[in-house]
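Chemist: Structure incoming, see below.
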Amino acid sequence: MKKLLTAVCVLLLCAGLLPGLMGYQLEQVFDDELLLLGSGTEEFVTVDEISYQRGWFSSRVEIRLSLSDAYRETLLPLDDSEADEWVEMLGEQIIVRIDVAHGPLLPESNSLLGLGFSKSELQPGSAALSDLVERLEIPHLMEVRVHTGFTGNSVYTGSVPALTYDASGNVLNFSGMEFSGHAHPAQEQVAFDALISSISIETLSGDILVKNIAYDFALQRLAGEFWMGPGEMSVETVFLGDALDAEVFAIDELVVSVDNALDEASNQMNISLLYSIDEIRSDPGLNLKNSRFGVELKQLDIDALTSLYELNQRIAAGEEVGPEQLREPVYSLVAGSPHMSLNPFAAVVNGEPFSAEFDFRLDGSALPESESFDPMSESLWNDLLSGDARMTFSESLANTMAGEIALSQLEEGLGDAANQIDPAELQKLAQQQGIVLVQALEQQGMIKAIDSGYESEISFRNGQVLMNGVVIPTGTL
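150 is the number of the first residue of the sequence shown in my numbering; add one for each residue after it.
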C-alpha cells in the first residue's frame, strides 16, 4: 500500500512539474521554428513577436506580420496621386494569436503525448483588413494546429476559410484551402502539402474556373537562405468561358515537378524541372496535347548559387548591386562547368507532332585567372559557351508555322492597306508563301527532310552557329 501511495505521489508530482518545464522548452522550439520559417524572407516581411505569456500549463503568443520598410518602398507607385492609397494598403498588418497547451498530456491533439499542442489564428491587424474580414463573413484569415513532439519536431495542419466576394456583380468564389506538413528545426527541414478545390470568378462577360490546385513540397535549407528539395504543383483544370458559358480557353492536367540532388564532395547540385500539360484548347484553332517541357541544370556550385540568390533578394528589395559584386559568384559558378538541358521539349500541335532537345555547356577550364575575368566580355563567353539542339516536326506543321510568319510579314508590309483585303485571301496568300519559305529553307540546308517531316540540327561553337552544317552568321540572328 505504501509503495502504491508513493507511486501515486510521484505521478502527481510529475503531472504538476512537467507542464511547466515543457513550457520553457516549447518557447525555445517556438523561437527556432519562427526563425526557420521566416528565414529568407527578412528583406520582404517583418516578423515581430509582440508577446509570449508563458504560464505553467499553457502559454499565449502574439506575433505581427507586415511588409518590410525597404520592400514597401519598392512597391510604391511612381504617380504621387495614388501614393496615399497605396501607402495605406501596403501598411496593412496581420496578427497571429497562438494558444499553446503544454505536454506531456495533450487531449486536444491527435497524438495524446508530446511537448505541446497549439492552435493559432491569423487575424487582421488593422481597421481596413478587419472591415474586409467582416464583409467576407469569415472567422479568421487562417487557422493552424501544431503538435510538437518531445524531440522538438512539429506536425501541423491548417485551413483557410471558404469565401464569396461580390464586387459590383463580379463574384469571386474561393473554396478554401486545407494544408498539412511538418517542420524539423534542428535539421532545418520543412515539408508541406495543400489543396484548393476551386477558385472561380463570375462576370457578365464570362467566367473563369480553376479546379484542384495542389502543392506537395519537402525543403531543406542549405548555407545562407537557399532552400532545395523535391516537390510538385498541379492544377486539374483551368476554364475560361464567354457570356454564354461556351469554352474560350482551357487547360487540362497541368503539373510542375521539381527535384534536385546534392553532391557534398564537390559542393555542387543538380536541379531538374518538368512541366507537363495534357491538353490546351483555345477557340479558334489551337489545340496542344501531351505538352512536355523539361529543364535540367547540372554541376551548379552551391556557394556561388547562394551568393547570387542573396544578391537577387537585395535587388528585389530595392538595393543597388553593381557588376563588380556579381563578378566573383559568376566566376565560381562558371568554374564548375555547369550545363543546362531542355529535354523533353515536345507537343502535339493541332494533331501534328513537334519535338526538340537543347544542351548548353560552359567550359570552366577555359576561364582566365579570376583577376582577369570580365563578365561583360562577349569574346570570352564565345569561348566558354557551346551548345547543341535538334528539332523535328511534321511537314504540315512546318507549312503552318511558315504561313504564320508569312502572314505577319504581309500585314507589316501592307500596313493599313491590309485592312482593305479580304482576310481569307490574305490567309491564302500567306499559306502559299509559307510553302515557298519551307522549300527555300530546305534548299539552303537549314532544314532537311526525314520520313516524319523535317528536322534541323543546330550547334554553337566559338561564337559560330551551324544549322545542319551550314554556317549562320550570328549578326543575322
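Just so it is clear, CB atoms sit at the ideal spot from N, CA and C, and this is done for glycine as well. In this text, all values refer to a predicted model and were calculated from it rather than measured experimentally.
1) How many angstroms separate the CA atom of Y305 from the CA atom of N499?
2) L242 lies in the beta strand (DSSP E); which residues open and close that run?
3) Whole angstroms are fine: how far does the CA of I451 sit from the CA of A414?
4) Terminal residues of the continuous alpha helix (DSSP H) containing V470?
5) Distance check for L559 and A567, CA to CA, integer angstroms please.
6) Given this structure, state the Cα-to-Cα distance separating R213 from L183, to the nearest angstrom.
7) Helix or strand or just coil, what does DSSP make of Q593?
8) Leaving aside the five residues before and after G355 along the sequence, list all residues of the same chain whose C-beta is less than 6 Å from its C-beta, in chain order.
9) Unbroken alpha helix (DSSP H) runs of length 4 or more, entirely within the stretch 521 to 561: which are they?
10) Closest by CA to N416, which one among I345, D401 and L454?
11) Could you round the C-beta distance between W205 and G252 to whole angstroms and report it? I think they count as a contact, below 8 Å.
12) Under the DSSP definition of a beta bridge, which residues are partnered with R284?
13) Could you check what DSSP says for E257 in three-state terms: helix, strand or coil?
14) For T455, which three-state DSSP category applies?
15) With DSSP collapsed to three states, give me the class of L153.
16) Taking the DSSP output, what are the residues bridged to H135?
17) Inspect the beta-carbon positions of P379 and R441 and report whether they are closer than 8 Å.
18) If you compare alpha carbons, which of E473, A579 and G443 is closest to L457?
19) If we count the other Cβ atoms within 10 Å of its Cβ and call it buried at 16 or more, is N439 buried or exposed?
20) Looking only at C-alpha atoms, which of I345, D394 and R370 sits nearest to M382?
21) Between K360 and the rest of its own chain, which residues show a CB-CB distance below 6 Å, the 5 nearest in sequence each way excluded?
22) Closer than 6 Å by C-beta to N322: which residues in its own chain qualify, once you throw out the five before and the five after it? Chain order, please.
23) Can you look up A164 in the DSSP assignment and give me helix, strand or coil?
24) Taking contact to mean 3 or more Cβ pairs, one atom from each stretch, closer than 8 Å, check whether the stretch 499 to 519 and the stretch 531 to 543 are in contact.
25) Per DSSP, what kind of secondary structure is A311 in: helix, strand or coil?
26) Could you pull the DSSP bridge partners for H296 from this structure?
27) Can you tell me which of V320, E553, A496 and S514 puts its alpha carbon nearest to the alpha carbon of Q581?
28) What did DSSP end up calling F609 once you bin it into helix, strand or coil?
29) Quick check: the stretch 507 to 519 against the stretch 480 to 492, are there 3 or more CB pairs under 8 Å?
30) Please list the terminal residues of the continuous beta strand (DSSP E) segment that includes F503.
31) What did DSSP end up calling N419 once you bin it into helix, strand or coil?
32) In three-state DSSP terms, what is G169?
Modeler: If we stick to the structure as given:
1) 46 Å
2) Before going on, a small fix: residue 242 reads as Gln here, not Leu. Per DSSP, Q242 belongs to no beta strand (DSSP E) and is neither H nor E.
3) 11 Å
4) Looking at the DSSP string, V470 is not in any alpha helix (DSSP H), and its letter there is neither H nor E.
5) 8 Å
6) 12 Å
7) coil
8) G390, D391 and A392
9) 527 to 533
10) L454
11) No, W205 and G252 are not in contact; Cβ-Cβ is about 12 Å, not under 8 Å.
12) Per DSSP, none; premise fails for R284.
13) coil
14) helix
15) At L153, the pLDDT of 44 sits below 50, so the modelled position is not reliable and the matter cannot be decided from this model.
16) Outside the displayed range of the chain (150 to 626) lies residue 135, so it cannot be described from this structure.
17) no
18) E473
19) exposed
20) I345
21) S347, E385 and T386
22) T313 and S349
23) In this prediction, A164 has a pLDDT of 48, which is less than 50 and means its spatial position is unreliable; nothing more can be read from the coordinates.
24) yes
25) coil
26) F266 and V304
27) E553
28) strand
29) yes
30) E501 to L511
31) strand
32) helix
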